[in-house]
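Colleague: Numbered according to this note's numbering, the sequence shown spans residues 1 to 284.
We put the CB at the ideal spot given by N, CA and C, even for glycine.
These numbers come from a predicted model, not from an experiment.
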Amino acid sequence: MHMPTTHILHRHLAHTPPVAVAGRGVTLIDADGKVYLDASGGAAVSCLGHGHPEVLAAMHAQIDKLAYAHTSFFTTEVAEALADTLVATAPAGISHAYFVSGGSEAMEAALKMARQYFVEIGQPQRTHFIARRQSYHGNTLGALSVGGNQWRRAAFAPILIPVTHVSPCYAYREQRADESAQAYGKRLAHELDETIQRLGTDRVIAFVAETVGGATAGVLTPVPGYLRAVREVCDRHGVLLILDEVMCGMGRTGSLHACEQEGVVPDLLAVAKGLGGGYQPIGE
1 MHMPTTHILH RHLAHTPPVA VAGRGVTLID ADGKVYLDAS GGAAVSCLGH
51 GHPEVLAAMH AQIDKLAYAH TSFFTTEVAE ALADTLVATA PAGISHAYFV
101 SGGSEAMEAA LKMARQYFVE IGQPQRTHFI ARRQSYHGNT LGALSVGGNQ
151 WRRAAFAPIL IPVTHVSPCY AYREQRADES AQAYGKRLAH ELDETIQRLG
201 TDRVIAFVAE TVGGATAGVL TPVPGYLRAV REVCDRHGVL LILDEVMCGM
251 GRTGSLHACE QEGVVPDLLA VAKGLGGGYQ PIGE
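So this is what it looks like as structure tokens:
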């Protein structure tokens, strides 16, 4: 099928992608009738498959009643029900949900909430975030700032907020032959501890990390004890822990939230992709 001139600014300027016209289950179909196996659920999004009849029926039922109401003035039954479910199934201590439109915005909101928390409790001098090298947290400016992908950051570096990046939990490449997985995790937690002390224990807002590494470093699972160790370091210095489960959350690791498997509760938890399943732009 000949593709006419496009007015969309596509991700690849020299190439216009095929026109998707239908989706059924695990497949997508383009305008020429070619069928594609959507093996990764798009960008790890379509975990419920395409065109699921129960999802479509629920969407139709809601849009027949109400499509939009400004959240400054109204709440809705479905939003309240979703928040109730998310809190009930979240790690103990997570008490509220804040809905946004996607993963990058969820991380932006988490960064702003963390800063606002310290302003409200009388610690406005806390202005610094610590994150990890070779991480990805989104493309908006705050999320890009805490992200550790140098190639993505390079063009925008002059307008990003200052963030200090420490080592990722990357045992395949960085665990020494003479140390156990537990010792490696403790070494990384010690690096975080030293970094907080160097920046000033009263200056750091939060440590930001993907529970399981996603788009930039591949599927990097934390070594046993690592998350508990960084949680303890954060607690000792009054620093918040923000876990990014935009990609790895919502059941992708065998539990609804990946951090549950280490028994770690973050102060702020970001989820998105699997929450909407490709049917609704949402994050929280």
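Would you call the region 58-78 and the region 32-49 touching, i.e. three or more CB-CB distances under 8 Å?
Modeller: Using a C-beta cut-off of 8 Å, the region 58-78 makes no contact with the region 32-49, since fewer than three inter-stretch Cβ pairs fall below that distance.
Colleague: Among 213, 12, 254, which has the Cα closest to the Cα of residue 246?
Modeller: Cα-wise, what sits closest to residue 246 is 213.
Colleague: Classify residue 137 as helix, strand or coil using the three-state DSSP reduction.
Modeller: It is coil, neither helix nor strand.
Colleague: Quick check: the Cα distance between residue 28 and residue 22, rounded to an integer number of angstroms?
Modeller: Near 6 Å, if we compare the C-alpha coordinates of residue 22 and residue 28.
Colleague: Is it the case that the Cβ atoms of residue 132 and residue 209 are separated by a distance below 8 Å?
Modeller: yes
Colleague: Taking the beta carbon of residue 264 as the centre, do at least 16 other beta carbons fall within 10 Å, making it buried, or is it exposed?
Modeller: Its Cβ being crowded by 16 or more others within 10 Å, residue 264 is buried.
Colleague: Does the region 39-46 touch the region 64-75, meaning 3 or more C-beta pairs lie closer than 8 Å?
Modeller: no
Colleague: So, helix, strand or coil for residue 276, using DSSP?
Modeller: helix
Colleague: Does the Cβ of residue 15 have 16 or more other Cβ atoms within 10 Å, making it buried, or fewer, making it exposed?
Modeller: exposed
Colleague: Is it the case that the region 248-259 contacts the region 179-197, given that we only count it when at least three CB pairs across the two stretches are under 8 Å?
Modeller: no
Colleague: Do you know how far the Cα of residue 151 is from the Cα of residue 281?
Modeller: 27 Å
Colleague: Between which two residues does the beta strand (DSSP E) containing residue 165 stretch?
Modeller: 163-166
Colleague: If I follow the unbroken beta strand (DSSP E) through residue 210, where does it start and stop?
Modeller: 204-210
Colleague: Considering just the uninterrupted stretch of the beta strand (DSSP E) at residue 23, what are its terminal residues?
Modeller: Run containing residue 23: 20-24, per the beta strand (DSSP E) assignment.
Colleague: Determine the DSSP secondary structure at residue 103, reduced to helix, strand or coil.
Modeller: helix
Colleague: Could you tell me which residues DSSP pairs with residue 36 in its beta bridges?
Modeller: 28
Colleague: Under 8 Å between the Cβ atoms of residue 227 and residue 262?
Modeller: yes
Colleague: If I follow the unbroken alpha helix (DSSP H) through residue 196, where does it start and stop?
Modeller: Per DSSP, residue 196 belongs to the alpha helix (DSSP H) from 181-199.
Colleague: By a C-beta neighbour count over all protein chains shown, 10 Å radius and 16 as the cutoff for buried, is residue 158 buried or exposed?
Modeller: exposed
Colleague: Assign residue 84 to one of three DSSP states: helix, strand, or coil.
Modeller: helix
Colleague: Is DSSP giving residue 10 helix, strand or coil here?
Modeller: Three-state DSSP puts residue 10 in coil, outside helix and strand.
Colleague: Count the other C-beta atoms from every protein chain shown that fall within 10 angstroms of the C-beta of residue 168, then say buried if there are 16 or more, exposed otherwise.
Modeller: buried
Colleague: Between which two residues does the alpha helix (DSSP H) harbouring residue 270 extend?
Modeller: From DSSP, residue 270 is part of no alpha helix (DSSP H) but of the beta strand (DSSP E) over 268-270.
Colleague: To the nearest whole angstrom, what separates the beta carbons of residue 107 and residue 138, a pair I think is in contact under 8 Å?
Modeller: 5 Å
Colleague: Which whole-angstrom value is the C-beta distance of residue 222 and residue 241, which I expect to be below 8 Å?
Modeller: So it is not a contact: roughly 13 Å between Cβ atoms.
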